[in-house]
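Notes to accompany the following structure.
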Amino acid sequence: MKSLLAVGRYLIVRTLMVGITLVVGCYLIVIIMNMGGKLDDVRRAEIRSNVASAIFLDPSNRGIPADALKVMVDELAELEYERLGLDRPFFPWRSLEYLFTALSLKLGTAEQLTSDTGSRSVARILSERLPATLVLFGTSNLLLFFLAIQFALFLSRRYGSLVDRTMVGLAPLSSAPGWFYGIFLILIFAAVLRVLPWGGLVQVPPPDTAPAYALSLLEHMILPVLAITIGALFANVYRWRTFFLIYSSEDYVELAKAKGLSARGIQRRYIMRPTLPTIITSLMLILIGTWQGQIILETVFNWPGLGRQYLAAVNLNDTPVILGTLVIYGYLLAGTLLLLEFIYALVDPRVRVGGGKV
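In the numbering used here, the protein residues as written are 1036 to 1393.
As structure tokens, then:
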């Protein structure tokens, strides 16, 4: 019973701490994206300009004195301010409204946070782009992660060999981003050899059957997946290799070698086990990082993912889409951190729930 109460208190405290951090972070994002309330001033100026143009250019208002027209502009503009809530100060009322709207993910239409025109569902925009991003970057990052771990373990057992020195020498190749290699891959396999498509999600027009659609999708994923892998593999292998080598030099590993244990047994029991929390943390952060995609790489391969949508939203000052993307990422990060706290307690005997009390 006491252990359950300790777990409950631990969960509540951690959830409150992460929740407060999430709220503060989202509030800062709201303030920054609205430029401390300056965006409301811009919107009021735009509304007043539109109202003035409509009134002064209306043929039925000809002959009315300019002072009277100005009064009409003031009255109609004030009505529009009240309708959109712009008659209230940004601090604290409108900023808190923006915060509540963002945290509740009720970013239904574009006019809620940006302008008074248009009606685009943010949830629909994100849900349309999310599958393409998860398919490409989820596959690429998982492949990259497990390849790097396996290569690093292989090299840690062969420290100083020709293969090890070669991989270390290739590590600087990862200084170039994936889209850089993607350009060369497109030139080679699409332009010269013409064996793979230039880009896109599937062929145009899309295949009618599910197997043909999946085959076309896999064909279009080859080059971007290869570009992402080449762009980050060598640096990740070098990083994990160094990490495993540090644990390979511990005294208990030397003792296990002296006892005659096999290399794979030592690797599994005395190297992988103590490094498992770090490996799990890296994997979880990679998975949630998949959510946002990559702007330039998606542009190079004409991939309809969230990265390109995010760039378009920034260029158009589409605050709901930007805010929705960032808030959902914040929720994913907060949930991941809470999950990792309990995973650490399961895989690492040094971690105990309740501040180290057993």
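Note that the Cβ used here is the ideal one computed from N, Cα and C, for glycine as well.
Query                                                                                                                                                                   : Result
For I1468, collect the residues of the same chain with a Cβ closer than 6 Å to its Cβ; drop the 5 residues on either side in sequence, then sort them by chain order.   : Look at the range of the chain in this structure, 1036 to 1393, and you will see that residue 1468 is not part of it.
Evaluate contact between the segment 1251 to 1269 and the segment 1220 to 1238, counting only Cβ atoms and requiring at least three cross-stretch pairs below 8 Å.      : yes
On the three-state DSSP scale, how would you describe W1338?                                                                                                            : coil
If you check the beta carbons only, do V1106 and V1086 fall under 9 Å apart?                                                                                            : no
Could you check whether G1300 and A1291 sit closer than 9 Å to each other, using their CB atoms as the reference points?                                                : yes
Are the CB atoms of I1066 and S1139 nearer to each other than 9 Å?                                                                                                      : no
Can you give me the Cβ contacts of D1102 inside the same chain, cut-off strictly under 6 Å, excluding the 5 residues immediately before and after it?                   : none
Ordered along the chain, which non-local residues of its own chain (more than five positions away) have a Cβ less than 8 Å from that of S1175?                          : P1259, V1260, I1263, T1264
Compute the beta-carbon to beta-carbon distance between W1233 and A1225, rounded to the nearest angstrom, for a pair I have assumed lies under 8 Å.                     : 5 Å
Counting only beta-carbon atoms, is A1080 nearer than 9 Å to chain D?                                                                                                   : In the displayed structure, chain D is absent; only one protein chain is listed.
Would you say F1278 and A1206 are within 9 Å of each other, going by their C-beta atoms?                                                                                : no
Assuming F1186 is part of the alpha helix (DSSP H), what are its boundary residues?                                                                                     : 1174 to 1191
Indicate the three-state DSSP secondary structure (helix, strand or coil) for Q1344 in the structure shown.                                                             : helix
Closer than 8 Å by C-beta to Y1345: which residues in its own chain qualify, once you throw out the five before and the five after it? Chain order, please.             : Q1327, G1328, I1330, V1356, I1357, T1360
Spatial neighbours of L1057 within its chain, please: C-beta separation below 6 Å, excluding the five flanking residues on both sides.                                  : G1365, A1369
Count the other CB atoms within 10 Å of the CB of W1128; is the residue buried (16 or more) or exposed (fewer)?                                                         : exposed
Distance, Cα to Cα, N991 vs T1310?                                                                                                                                      : As shown, the chain starts at 1036 and ends at 1393. That puts residue 991 outside it, with no answer to give.
Enumerated in chain order, which unbroken segments of the alpha helix (DSSP H) with a length of 4 residues or greater are wholly contained in the segment 1190 to 1223? : 1197 to 1205, 1213 to 1220
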